[in-house]
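Asker: Can you keep this structure in mind? I'll have questions shortly.
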Amino acid sequence: MSNQPLVGIVMGSDSDWPVLRVCAETLKNFGVSHEARILSAHRTPDAALEYASTARQRGLRILIGAAGGAAHLAGVLAAKTELPVLAVPMPSKHLQGLDSLLSMVQMPGGVPVATFAIGEAGAINAALFSVAMLALGDAELADKLRDFRAQQTAKVLAKTLPGLP
Ligand code: RP5
């Protein structure tokens with residue numbers, strides 16, 4: 002894994018990390034260099050804007066924005082960079098992440114974010130989607146993704162149900 006981070010994972014709070022950890026683990030398993038930051042669109046707005054506006058020149062290729070509640074973080078990051086921004090809605094205390102999902106997926110036309118599923122599935126898939134995008138220009142990474150899929154397929158096909166033929 003090169004030291005230059007290609008994927009920047011940004012979360013609105015350290016309380017998001019238990020859900021988002023699997024995103025970083027998935028990237029690590031593919032050998033994709035990444036960094037993770039706690040930056041909030043409303044609690045640390047200047048730092049969040051600075052991070053996004055300098056991300057491209059610092060060599061990042063993809064940003065992943067994860068937040069809960071009125072989850073405007075991914076949209077704010079996208080407003081300040083031309084890099085693709087993937088949005089992961091965090092489960093929220095009162096609405097279980099439905100609020101996060103809707104505020105991310107319903108970006109008005111003009112500044113897109115690509116929104117994934119609420120919670121851990123979204124965190125894994127944002128990482129896998131990052132791998133797929135980076136694999137467009139990296140044959141070795143494309144091979145790793147193909148192997149991962151083949152292993153996943155083999156695991157499912159090997160499953161049996163107790164008591165059923
Ligand atoms: C959002 O508010 C964060 O992304 C987090 O999901 C949610 C709650 O944050 P804490 O109050 O736990 O710091 O900004």
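Residue numbers for the sequence shown, in the numbering used here: 2 to 166.
Yeah, the Cβ is synthetic: ideal placement off N, Cα and C, and Gly gets one too.
Report whether the distance from the Cβ of Met108 to the nearest heavy atom of the ligand RP5 is below 6 Å.
Answerer: Not under cutoff, so the answer is no.
Asker: Can you give the Cα-Cα distance for Ile10 and Arg44, rounded to whole angstroms?
Answerer: For Ile10 and Arg44, the distance between alpha carbons rounds to 17 Å.
Asker: If you measure from the CB of Gly69, is any heavy atom of the ligand RP5 nearer than 6 Å?
Answerer: Yes - the ligand RP5 has a heavy atom lying nearer than 6 Å to the Cβ of Gly69.
Asker: What are the uninterrupted segments assigned as beta strand (DSSP E) that are 3 or more residues long and contained completely in the region 97 to 146, given in chain order?
Answerer: If we require 3 residues or more, the region 97 to 146 turns out to have no beta strand (DSSP E) run fully inside it.
Asker: DSSP on Pro90, reduced to helix/strand/coil?
Answerer: Pro90 falls in the strand class under three-state DSSP.
Asker: Please determine whether the Cβ atom of Gly13 lies at a distance below 6 Å from any heavy atom of the ligand RP5.
Answerer: Yes, the ligand RP5 has a heavy atom inside 6 Å of this Cβ.
Asker: Could you tell me which of Asp17, Leu40, Leu61, Ala143 sits nearest to Gly98, measuring between CA atoms?
Answerer: Cα-wise, what sits closest to Gly98 is Asp17.
Asker: Quick check: the region 20 to 31 against the region 71 to 78, are at least 3 beta-carbon pairs closer than 8 Å?
Answerer: Counting Cβ pairs under 8 Å, fewer than three are found: no touch.
Asker: Between the Cα of Gly32 and those of Glu141, Pro90, Pro113, spot the shortest distance and give me the residue it belongs to.
Answerer: Among Glu141, Pro90, Pro113, the Cα nearest to that of Gly32 is on Glu141.
Asker: Go ahead and pull the three-state DSSP assignment for Leu28.
Answerer: Here Leu28 sits in helix by DSSP.
Asker: Suppose you measure from the CA of Glu26 to the CA of Ala80; what does that come to, to the nearest Å?
Answerer: When rounded, the distance between both Cα atoms is 27 Å.
Asker: Quick one: measure Cβ to Cβ for Leu64 and Thr82, integer angstroms, because I've assumed they're closer than 8 Å.
Answerer: Right, their Cβ atoms sit about 7 Å apart.
Asker: Secondary structure at Val33, three-state DSSP: helix, strand or coil?
Answerer: Correct three-state label for Val33: coil.
Asker: Could you give the distance in angstroms between the alpha-carbon of Ala155 and the alpha-carbon of Gly66?
Answerer: C-alpha separation (whole angstroms): 32 Å.
Asker: Let's see if you can read the secondary structure: which residues bound the beta strand (DSSP E) around Ala159?
Answerer: Careful: Ala159 lies outside any beta strand (DSSP E) and carries neither H nor E.
Asker: How big is the Cα-Cα spacing for Pro90 and Val8?
Answerer: Going from the Cα of Pro90 to the Cα of Val8 covers about 18 Å.
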